[in-house]
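Protein chains in written order, with the UniProt record's numbering: chain A, 1 to 214; chain B, 1 to 214. What follows is a short report on a single structure.
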DNA sequence: AGATGTTGTGAAGAATCCTTCACAACATCT
DNA sequence: AGATGTTGTGAAGGATTCTTCACAACATCT
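This is how it looks when you write it as structure tokens:
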């Protein structure tokens with residue numbers, strides 16, 4: 001069952017939204033401010049949060065990165081009555097996945113929720129690569145260089161990659177490309193160009209996270 | 001020198017922006033439509049593109065993911081005269097890094113450019129400090145289990161660790177402890193209890209980061 | 001002292017990972 | 001067509017990593 005957290009200080013609206021969500025067969029919990037919400041998120045995993053931007057105490061804009069930090073995989077839909085393009089951009093830059101302008105139709109809300117839950121589920125099933133595969137992919141210097149190069153460069157053809165990495169024996173690169181393909185980090189398009197899959201992108205981001213943090 | 005690509009069908013605006021950027025000491029190239037821009041991006045790496053949303057031919061909104069795919073690390077600043085929150089959200093969801101509403105002050109443009117270039121540069125510093133040791137330490141299931149256990153548990157004696165991990169042969173654990181010690185992730189105190197060093201703590205945090213994000 | 005449990009070493013072999021080599025299919029250019 | 005460059009396979013062997021085994025120093029308990 002999909003778990004949803006509704007963060008809004010307006011009692012009526014919060015209750016209404018929760019009733020609608022439960023009618024739609026989703027499980028929804030209320031939180032009347034951001035701090036309570038963060039506590040709930042600490043204890044329990046949610047698939048998605050609906051977050052009001054304007055609240056007493058910690059406001060929504062501030063809360064976004066805190067929620068992101070606490071629950072990196074949880075979808076965040078920002079809601080606001082005072083909308084502007086600048087505000088929307090800021091919310092997205094801080095990590096919101098969508099941004100709804102009040103008053104919205106229930107249909108619009110449900111559409112956004114359904115889409116975000118589905119994308120999350122898609123990424124989830126793409127995540128079935130286990131930690132072991134990840135480390136299998138990352139456990140070799142050349143493979144890490146390939147990942148980083150493709151992360152920076154995007155689509156690249158085989159020999160260009162070989163030359164960029166300054167490897168004399170191209171079959172060596174081939175061997176490691178095969179490993180990366182088997183692990184699901186890279187793929188080839190119709191023109192035989194290599195690029196990262198999204199799980200490969202995430203792996204490359206992990207690499208940069210590690211190199212930053214070690 | 002920072003390379004910038006200005007994509008706009010309005011000749012006057014394009015020229016003006018390029019002049020300003022060059023006065024600021026940046027290198028800027030023009031492209032009057034999205035297809036020309038994609039060709040330029042294929043040939044040459046840019047740090048940042050300024051992208052008009054409304055153009056004949058491939059429009060800006062369509063171009064964003066294409067640019068993203070061709071040049072994943074290039075910053076994209078979307079520009080539009082017809083702004084709405086919905087439009088801004090869509091641009092960000094497709095991969096824009098910022099979204100400016102025309103007419104904008106030159107100062108606002110330069111601020112966004114400077115910020116984006118700086119963040120990009122920050123992410124760039126990928127210095128391959130001995131990542132090899134790190135991965136040496138993390139490249140084995142049992143070693144990862146040991147790290148995670150010590151991260152949760154703190155100081156632990158040898159046989160307690162062996163039993164907690166349910167390994168039948170204690171010398172196996174010993175072997176991996178030795179590796180972890182050589183890499184500098186763990187240490188022993190006077191009572192022969194094992195615990196994480198601070199670099200070991202950081203490694204364990206990387207592990208949990210990875211398991212959250214993959 | 002003797003029995004039991006803890007902590008550790010070193011070496012041999014197994015398993016895995018990586019490199020190298022020989023070669024081949026295919027595209028592109030002259 | 002022939003030459004050149006690109007992309008790829010498979011097998012052999014070398015290198016590294018992991019497991020297992022035999023054993024030993026030391027503490028603790030009875």
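Here a beta-carbon is modelled for each residue, glycine too, at the ideal position from N, C-alpha and C. Everything numeric in this text was worked out from a predicted model, so none of it was measured.
Query: Name, in chain order, the residues that DSSP records as bridge partners for residue 195 of chain A.; Result: A/187
Query: Using a Cβ cut-off of 8 Å, pull out every chain A residue sitting near residue 83 of chain B, in sequence order please.; Result: 85
Query: According to DSSP, is residue 53 of chain A helix, strand or coil?; Result: coil
Query: Return the CA-CA distance between residue 203 of chain B and residue 134 of chain A, expressed in angstroms with no decimal places.; Result: 15 Å
Query: On the criterion of 16 or more Cβ atoms from any shown chain inside 10 Å, does residue 208 of chain B qualify as buried, or is it exposed?; Result: exposed
Query: Tell me the rounded alpha-carbon separation between residue 151 of chain A and residue 71 of chain B.; Result: 9 Å
Query: Quick one: which residues of the UniProt domain "Response regulatory" (3-117) of chain B get their C-beta closer than 8 Å to a C-beta of chain A? List them in chain order.; Result: 45, 69, 70, 71, 72, 73, 83, 84, 85, 86, 87, 88, 89, 92, 93, 97, 98, 99 and 101
Query: Is the segment 76-95 of chain A close to the segment 73-88 of chain B, with three or more CB pairs under 8 Å?; Result: yes
Query: At the 8 Å Cβ level, is residue 132 of chain B part of the contact set with chain A, yes or no?; Result: yes
Query: From residue 65 of chain A to residue 92 of chain A, what distance separates their C-alpha atoms?; Result: 10 Å
Query: Against chain A, which members of the segment 138-160 of chain B pass a CB distance test of less than 9 Å?; Result: 138, 139, 140, 141 and 144
Query: Which residue spans inside the segment 128-160 of chain A form an unbroken alpha helix (DSSP H) run of at least 4?; Result: 131-138 and 141-153
Query: By the DSSP assignment, the alpha helix (DSSP H) with residue 75 of chain A in it spans what residues?; Result: Residue 75 of chain A -> not in any alpha helix (DSSP H); beta strand (DSSP E) instead, spanning 75-80.
Query: Do the segment 147-167 of chain B and the segment 154-163 of chain A touch if we need at least three Cβ pairs shorter than 8 Å?; Result: no
Query: Rounded to a whole number of angstroms, what is the C-alpha to C-alpha distance between residue 89 of chain A and residue 59 of chain A?; Result: 16 Å
Query: Rounding to the nearest angstrom, what Cα-Cα distance links residue 179 of chain A and residue 25 of chain B in this structure?; Result: 44 Å
Query: In terms of residues, what are the limits of the beta strand (DSSP E) holding residue 26 of chain B?; Result: No beta strand (DSSP E) holds residue 26 of chain B; DSSP gives it neither H nor E.
Query: Which chain B residues sit within Cβ distance under 7 Å of residue 135 of chain A?; Result: 138 and 139
Query: With a threshold of 8 Å on Cβ separation, who are the neighbours of residue 142 of chain B within its own chain once the five nearest residues in sequence on each side are excluded?; Result: 165, 167, 172, 173 and 176
Query: Could you spell out the range, first to last residue, of the alpha helix (DSSP H) harbouring residue 89 of chain B?; Result: 85-94
Query: Looking at residue 154 of chain A: is its Cβ nearer than 8 Å to the Cβ of residue 199 of chain A?; Result: no
Query: Going straight from the alpha carbon of residue 38 of chain A to that of residue 7 of chain A, what length do you get?; Result: 10 Å
Query: For residue 165 of chain A, which of helix, strand or coil comes out of DSSP?; Result: coil
Query: Let's see if you can read the secondary structure: which residues bound the alpha helix (DSSP H) around residue 9 of chain B?; Result: Looking at the DSSP string, residue 9 of chain B is not in any alpha helix (DSSP H), and its letter there is neither H nor E.
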